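Enquirer:
Residue numbers (the numbering used here), protein chains in the order written: chain A, 27 to 476; chain B, 27 to 476.
Put into structure tokens, the structure is as follows:
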């Protein structure tokens, strides 16, 4: 039997995951709107045989609050993900593209269509990261008086995903004849109107593009709240998640995979991919020095601004940066699944305010591993072999530098251990991830069995 | 003074503009979802120094009606335009990209964002063809009980375009400092929330992407109804239009440019680009033979289906194909601006039913010119020099073949006459089209004057 291989995604967020990354000489300061930068990142990730690249997204802009802190942050101007990946599909051949898009603020027909288009354009390399959008700075862009609460957002998300999948099936796989001699282009009996009527949507269909090469683009999910885990168990084929200890990651892994049976799904149909932000040195000392160099670039007003959402009613500028926070807030229920992780961590580790904001800023609540390639591979192997991960969403702290380092130093180490591929196995993202191509809901069961 | 140059767009609709194009050996039958085909077309158009490529679009699928006719038509499965152009931006350097998107069925924040993203990705080569969508097979995809009437659609369109332009101005051009030493990334005073509250939209903003390289992507419009002309006069920088005689085209040209002053605009801020579908032969005989070959590929059930919308209450299969239609319908007011052109033509030319559907099928009511490169250039020059056109939207009947022929045979003829460029003049689409870069609504007037 072939050894189980881990899956790797590259979360290539603009200048990098460290909040001060844009100030680092190893970054590209205008990364968010620099297409050449992203071409380089995608090609590097493909050189490293990554399964996929990924960007987070929100259809809104923070523009109120502490002006000094705001002026020092790089993540304010960036490409829309689907257009970005469509562009990069033409300068790569193998890597998959995970685009984030919101079920709360987008429309299912338009979304189904653009992802089907991306899947055709990339020849089967598209994935949709289904998010309900957690930010409160978005609803005003869409004429809403308030951001819908999590329960409402997730109810809509379940229906939204079903509608989108239904639209992707509008044409059966073998609908197109294209016989020039008889003049028959396609078989209209293999074109189906969805005629969906639900609580949130009424969508007639059919879609105006044939079934995507992958059947359906890969469905990804990234929330770890109760609602998020249910959505993942019901629909997702990969899940991005944030844990800082193996035990927490194991518990999550078991939990979310255990929820799948009630939706008629098997555990191997969902890949659990925790985030890891690796700071790589040829020696441990070099790695620690790199990390310290980065942390020193965080301006205190930026650091405190990162903490503000957790203590919304306090004036943090009065706090002693080198003492622990005066108290810990109760984690909000389901509103932001990362809050819980962060608060637990700070309590457990007795962080000072500065340590807490430095920790958060460095990987935004994700798992930072500072060390040599072998030490980083040790950690990944440990999680991978002990029921905590099927692979990882790699979050390079500084881009492009840290991705180059990961590809040049950590990937070969993983390959030596037999944990990671040495060549792409398939033509589509699904094939590389080992995920089955979904059958059309209209396909003849007898024909499928044949 | 430099000679005035004509502008050329390539309307690269999948297999070509002729309805039976997909059956022709010079076409690519699966063109609509074949990205390599579109790469070839865009590179050919760029080799021919075209200003831009264009595709029409509608967010819906025809799926009811005559099944035999439906099964014989190629335009049922095709890329979404913005994803298509984003992809092609990476395999071209100069050509502009005109993407059609609907103000009736899209959302202004999401639309502003994706076009800004496309403009950054393409380094200033994006244009938006503003359509209100005329098809009745779309509203059901968006939960609406009926397709809004033209007046409602155009009222929404005016407001939609203003909102989108306002969002594109969210960041001033010089908002980004990106000074690593001081840690200041941008100047928050140069980030503006739109706070639009109108009849159709309430949009707070700001956009989460900096001002597009072109300031605003180029605004294109394609309706020739009264409402369409007003929208063009108010907002468009290029207009696609359909005329089959120079006199009609002249009247339109004068009419639409004459409406601009009341919006504070000058005639040269709007380029009028009639469609032309050229059938090119090295001799006139060869051109006529090519045309006849194409027309013979039209199946009668497809031809009659093209006519059905103009006689919606008649059973056309009972008509004599080789006699004129038994009567002519009154052109609907403003519903479909092409209908008027078509009916006038059929009356004037005393077409038989077969001739009428062949005419319509060949260029869908646009101007077909069958002849040698010199004859085609003669016609274009005549319209261009007599106040009927600032350039043309070239609609090749068969793709890729007819575009290759145009670039190889007609472009050199236009260049010899001094009517067309021999190299791209600018870096952006605006610069090539000779259109000024719009100033931000927030820019300091004093600084602008300096």
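We put the CB at the ideal spot given by N, CA and C, even for glycine. Note that the structure is predicted; figures quoted are calculated from it, not measured.
If you drop the 5 nearest sequence neighbours on each side, which residues of the same chain put their C-beta closer than 6 Å to that of residue 270(B)?
Expert: 371 and 393
Enquirer: Suppose you measure from the CA of residue 382(B) to the CA of residue 72(B); what does that come to, to the nearest Å?
Expert: Just so you know, the alpha carbons of residue 382(B) and residue 72(B) end up roughly 34 Å apart.
Enquirer: Can you tell which of 398(B), 227(B), 89(B) and 77(B) has its C-alpha closest to the C-alpha of residue 420(B)?
Expert: 77(B)
Enquirer: Exposed or buried, which one is residue 172(A) when buried takes at least 16 other CB atoms within 10 Å?
Expert: exposed
Enquirer: Using 8 Å as the threshold, is the C-beta distance between residue 455(B) and residue 237(B) below it?
Expert: no
Enquirer: Where does residue 280(A) fall in DSSP's three states?
Expert: helix
Enquirer: Between which residues of its own chain and residue 180(A) is the CB-CB distance below 8 Å, once the five residues before and five after are set aside?
Expert: 158, 253, 254, 256 and 257
Enquirer: With a Cβ-Cβ cutoff of 8 Å, do residue 43(B) and residue 303(B) count as a contact?
Expert: Yes, these two residues count as a Cβ contact at 8 Å.
Enquirer: Can you give, in chain order, each stretch of the beta strand (DSSP E) that sits fully within the segment 209 to 233 of chain B and has at least 3 residues?
Expert: 210 to 212
Enquirer: Spatial neighbours of residue 445(A) within its chain, please: CB distance less than 7 Å, with the 5 preceding and 5 following residues excluded, ordered by chain position.
Expert: Cβ within range, chain order: 31, 32, 407 and 410.
Enquirer: Output needed in chain order: residues of the segment 219 to 242 of chain A with a Cβ under 8 Å from some Cβ in chain B.
Expert: 219, 227, 228, 229, 230, 231, 232, 233, 234, 235 and 236
Enquirer: Determine the direct distance from the alpha carbon of residue 117(A) to that of residue 196(A), and round the result to whole angstroms.
Expert: 30 Å
Enquirer: Residue 303(A) lies in the beta strand (DSSP E); which residues open and close that run?
Expert: 297 to 306
Enquirer: From the DSSP output, which residues share a beta bridge with residue 396(A)?
Expert: 305(A)
Enquirer: Evaluate the contact criterion for the segment 228 to 244 of chain B versus the segment 187 to 206 of chain B: three or more CB pairs, one atom per stretch, below 8 Å.
Expert: yes
Enquirer: To the nearest angstrom, how far is the alpha carbon of residue 99(B) from that of residue 426(B)?
Expert: 18 Å
Enquirer: Looking at the structure shown, is residue 46(A) part of a helix, part of a strand, or coil, going by DSSP?
Expert: coil
Enquirer: Check whether chain B comes within 8 Å of residue 151(A), counting only Cβ atoms and requiring the distance to be less than that.
Expert: At a cut-off of 8 Å between C-beta atoms, residue 151(A) does not count as an interface residue with respect to chain B.
Enquirer: I need the boundaries of the alpha helix (DSSP H) containing residue 441(A), first residue and last residue.
Expert: 437 to 442
Enquirer: Quick check on residue 78(A): does DSSP put it in helix, strand or coil?
Expert: In the three-state reduction of the DSSP assignment, residue 78(A) falls in the strand class.
Enquirer: Mind pulling the chain A residues with CB within less than 8 Å of residue 167(B)?
Expert: 135, 229, 230 and 231
Enquirer: Give the residues of chain B in contact with residue 48(A), contact being defined as C-beta atoms less than 8 Å apart.
Expert: 204, 206 and 211
Enquirer: So with Cβ pairs under 8 Å, would you call residue 39(A) a contact of chain B?
Expert: no
Enquirer: Going straight from the alpha carbon of residue 37(A) to that of residue 293(A), what length do you get?
Expert: 24 Å
Enquirer: Using the beta-carbon of each residue, which ones in chain A are nearer than 7 Å to residue 104(B)?
Expert: 234 and 235
Enquirer: Is DSSP giving residue 65(A) helix, strand or coil here?
Expert: helix
Enquirer: Considering only residues of the same chain and omitting the five flanking positions on each side of residue 337(A), which have a CB-CB separation below 8 Å?
Expert: 351 and 355
Enquirer: Using the C-alpha atoms, what's the distance from residue 80(A) back to residue 474(A)?
Expert: Residue confidence for residue 474(A) is low, a pLDDT of 46 falling below 50, so the modelled location carries little weight; the figure read from the coordinates is stated next. Cα to Cα, the separation comes out at about 33 Å.
Enquirer: Residue 63(B) CB to nearest chain A CB: under 8 Å?
Expert: no
Enquirer: Sorted by chain position, which residues of the same chain lie with C-beta nearer than 7 Å to residue 138(B)'s C-beta, five sequence neighbours on each side aside?
Expert: By the criterion of a C-beta distance shorter than 7 Å, residue 138(B) is surrounded in its chain by 190, 193, 194 and 233, once the five residues flanking it on both sides are discounted.
Enquirer: Specify the secondary structure class of residue 128(A) as computed by DSSP and reduced to three states.
Expert: strand
Enquirer: Output needed in chain order: residues of the segment 87 to 98 of chain B with a Cβ under 9 Å from some Cβ in chain A.
Expert: For the segment 87 to 98 of chain B, residues whose beta-carbon sits nearer than 9 Å to a beta-carbon of chain A comprise 87, 88, 89, 90, 93, 94, 96, 97 and 98.
Enquirer: Just reading off the alpha helix (DSSP H) that residue 331(A) is part of, what are its end residues?
Expert: 326 to 333
Enquirer: If you count every other CB in all the chains shown that lies within 10 Å of the CB of residue 396(A), and 16 or more means buried, which is it?
Expert: buried
Enquirer: Quick one: any contact between the segment 85 to 103 of chain A and the segment 85 to 99 of chain B, if contact means 3 or more CB pairs under 8 Å?
Expert: no
Enquirer: Using 8 Å as the threshold, is the segment 107 to 117 of chain B in touch with the segment 133 to 148 of chain B, meaning 3 or more CB pairs across them?
Expert: yes
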